[in-house]
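K.L.:
Under the UniProt record's numbering, think of the first position of the sequence shown as 1, with each following residue one higher.
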Amino acid sequence: MNPEANSQDLTALDSARTELASLWSAPTEEHPGTYERIHHTMTDALSSIEGL
């Protein structure tokens with residue numbers, strides 16, 4: 001395993017976690033497209049996990 005690649009993946013996952021937390025707590029009526037952004041972020045995070 002490449003430690004540098006894993007570090008990049010973990011950074012991407014941490015960024016996704018932070019974004020998901022902010023989206024999850026956001027009132028959806030004030031943030032149209034929230035569920036689509038959550039889906040997109042989750043898809044990206046899962047793709048990163050597959051690379052670990």
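Cβ coordinates follow ideal geometry from the N, Cα and C atoms, glycine included.
Taking only the alpha-carbon atoms, compute the straight-line gap between S48 and A21 and give it to the nearest angstrom.
P.N.:
On the sequence shown, residue 48 is found 48 positions in, with the first residue counted as 1. On the sequence shown, residue 21 is found 21 positions in, with the first residue counted as 1. If you take the alpha carbons of S48 and A21, they lie about 18 Å apart.
K.L.:
Using the C-alpha atoms, what's the distance from L46 back to M1?
P.N.:
Position 1 of the sequence shown, counted from the start, is the residue given in the question as residue 1. Position 46 of the sequence shown, counted from the start, is the residue given in the question as residue 46. Here M1 scores only 48 on pLDDT, less than 50, and its place in the model is too uncertain to base an answer on.
K.L.:
Is the beta carbon of T41 less than 7 Å from the beta carbon of E19?
P.N.:
On the sequence shown, position 41 is the one that residue 41 refers to. On the sequence shown, position 19 is the one that residue 19 refers to. Closer than 7 Å, so yes.
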